[in-house]
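A.B. asks:
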Amino acid sequence: MIMSSMVMWLFTFLFIINLADTILFLKEKTCSPLSLFTDNIYLNRYILYDVNSVEGFNLRRDVYMRLAIFMHNVIKSDEVHWYLVLPPWTNMHHWRNTNPELLVPWERFFDLESLRKFVPVLEMHEFLKGKKLKNFGTAYILQHYPDAFTEDFDWQEKWDLSKCDNSNYGFKTNKYAPPSIDITVDRFQCISYFGQASFLKEIINATKSRSIIFDHAEIVLHDEFGSKTYWECRRSMRFAKPLVTKASEFRNLHLQSNDEKDKTVRLKDWKQEKAGRKALGGPYLCVHWRRRDFIFGRPLNIPNTQNTAQQIINKLKDLNLNTVFIATDSSTEDFKILKTLLKEYNVVQYVPKKEELILFTDGGVAIIDQIICSHAR
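Set out below in structure tokens:
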């Protein structure tokens, strides 16, 4: 009897030591994408999210920040290891040349290694690959309260299980993986929600699901807009290296611009950056000239082509520059008219080759435009 008790005590002691080693290993490897992937229900939990399909790139990036900052703060105070699972980029309204069925992973647009220095993230395909059953767990569809933004609305943070709006009836999983992969959910529920991202913790605490997806996450508000943590998250969102490389090549070849001359050299690790304003920028002006839907959506606020050209000329004279880079969604005809009106100046535009458009997609091409513009004088 004594021998049996000693054996049981020794077994328990060794088990506790082994478990302690496992937990220590987890805490030391918090941002590795897949090294922590395990089926142990007690170690990993996953937050998935999505955004209203009509929303554009910048709003989607902002919603990521709301969820990433929330996860960043949760991880500090929670022993469970959390991952934020990134929804693939699907064909958006402004994408005219990309296959609408294409599911674009985040690594095509952003440097995931940099993102993971702020919060542990997984691509959707990484999340699904690590699961024996392609299951999202609990799906919550967030929606506004019926009386939201009215004079009588109670502006206190709150959430309630609610009846689904007609637009939110049913949960579609075909936008997260190819048709060959069948994704299921254990539970589907609509929630009327008003509050900051941190308020989601109440909903998470109310379920034992290892994975939870919040659809229409754009309804969630920022916790720390403009705070130190906010800007850390924003700085972690560095663009994918192939896009940065292409933009740098274009600047050097067409705009006489490079990081050394322009004093825009960046450290490899955003966490090592220090405050300071030493950047000069390249010898060119950048103009974002929005056309297409913008003309119809805000016809009274959009200058005509002649007025646009005059504003550009005035700014070029103010800065004593001769070159302007145009980032635009205009038609070829409209751009030719603008270029003619600016015939005294060097007008430059990035027009991707066919193979570049396939490689980068419309989203990547827009980011290349952004990068080039961010280096302008």
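The sequence shown lines up with residues -22 to -1, 1 to 355 when you count with mature numbering (1 follows the signal peptide of the UniProt record, and there is no 0).
Every residue gets a Cβ at the ideal spot worked out from N, C-alpha and C, and that includes glycine.
Just so you know, these numbers come straight off a predicted model, no measurement behind them.
(1) Is it the case that the Cβ atoms of W248 and T306 are separated by a distance below 7 Å?
(2) Check this for me: beta carbons of residue 356 and N22, under 7 Å apart or not?
(3) Please return the same chain residues whose Cβ sits closer than 6 Å to the Cβ of I1, not counting the five positions on each side in sequence.
(4) Check whether the stretch 221 to 236 and the stretch 254 to 262 are in contact - that is, three or more C-beta pairs closer than 8 Å.
(5) With distances taken from CA atoms, which of L319, T318, E322, F313 is nearest Y328?
(6) Using a 10 Å radius around the Cβ and a threshold of 16 neighbouring Cβ atoms, would you call W133 buried or exposed?
(7) Does the beta carbon of I304 come closer than 7 Å to any beta carbon on chain D?
(8) Look at the alpha carbon of I290 and the alpha carbon of T318, and state the distance between them as a whole number of angstroms.
(9) Which residue's Cα is closest to the Cα of K252: F127, E227, R213?
(10) Only counting runs of 4 or more residues, tell me where the alpha helix (DSSP H) segments fall wholly within the stretch 180 to 263, in order along the chain.
(11) Using 8 Å as the Cβ pair cut-off and three pairs as the minimum, do the stretch 195 to 205 and the stretch 163 to 177 touch?
(12) Give me the Cα-Cα distance between K5 and K219, rounded to the nearest whole angstrom.
(13) Buried or exposed: which applies to I191, given that a residue is buried once 16 or more other Cβ atoms fall within 10 Å of its Cβ?
(14) For the stretch 89 to 102 against the stretch 135 to 144, do three or more pairs of beta-carbon atoms, one drawn from each stretch, fall closer than 8 Å, so that the two count as touching?
(15) Along the beta strand (DSSP E) that carries E333, what are the first and last residues, could you check?
(16) Would you check if there are 3 or more beta carbon pairs closer than 8 Å linking the stretch 115 to 126 to the stretch 29 to 44?
(17) For H50, does the three-state DSSP call read helix, strand or coil?
(18) Tell me which residue opens and which closes the alpha helix (DSSP H) that L316 is part of.
(19) Please identify the residue among R188, S308, T207 whose C-alpha is closest to the C-alpha of N51.
(20) Anyone know if the C-beta pair for L100 and Y42 falls short of 7 Å?
(21) Which same chain residues end up closer than 6 Å to S187 when comparing Cβ atoms and leaving out the 5 residues on each side of it in sequence?
(22) N324 and N298: beta carbons closer than 7 Å?
(23) Reducing DSSP to helix, strand and coil, say where I169 ends up.
(24) Counting only runs of 3+ residues fully inside the stretch 59 to 137, write out the beta strand (DSSP E) ranges in chain order.
(25) Considering Cα atoms alone, identify which of L90, K331, S309, E79 is closest to K153.
(26) Report the residue from S205, L26, N113, E135 whose alpha carbon sits nearest the alpha carbon of T162.
(27) Spatial neighbours of residue 358 within its chain, please: C-beta separation below 8 Å, excluding the five flanking residues on both sides.
(28) Using a Cβ-Cβ cut-off of 6 Å (strictly less than) and excluding sequence neighbours within five positions of D17, which residues of its own chain qualify?
(29) Could you please give me the residues that DSSP links to Q174 through a beta bridge?
(30) Quick one, which of F88, L139, P124, A155 has its alpha-carbon nearest I345's?
(31) Any idea what DSSP makes of N282, helix, strand or coil?
(32) Please classify A305: does DSSP put it in a helix, a strand, or coil?
(33) Nearest-angstrom Cα distance between I182 and D347?
C.D. replies: This is what the structure gives:
(1) no
(2) The question about residue 356 has no answer, for the chain in this structure spans -22 to 355.
(3) Low local confidence applies: a pLDDT of 29 at I1 is under 50, so the model's placement there is unreliable, with the coordinate-based value given in what follows. Excluding sequence neighbours, I1 sits near nothing in its chain.
(4) yes
(5) F313
(6) exposed
(7) Chain labels in this structure do not include chain D; a single protein chain is all it has.
(8) 13 Å
(9) R213
(10) 206 to 214, 219 to 232, 237 to 240
(11) yes
(12) Because the pLDDT at K5 is just 33, under 50, the model does not fix this residue reliably, and the value given afterwards should be weighed accordingly. Near 29 Å, if we compare the C-alpha coordinates of K219 and K5.
(13) buried
(14) no
(15) Counting along the chain, E333 falls outside any beta strand (DSSP E), though it belongs to the alpha helix (DSSP H) covering 332 to 352.
(16) no
(17) helix
(18) 310 to 319
(19) T207
(20) no
(21) G115, T116
(22) no
(23) strand
(24) 59 to 64, 99 to 101, 116 to 121
(25) E79
(26) N113
(27) As displayed, the chain neither begins before -22 nor continues past 355, which places residue 358 out of reach and without an answer.
(28) With a pLDDT of only 46 at D17, under 50, the local geometry of the prediction cannot be trusted, and the value read off the model is given with reservation. Excluding positions up to five away in sequence, the list is empty.
(29) L199
(30) F88
(31) coil
(32) strand
(33) 39 Å
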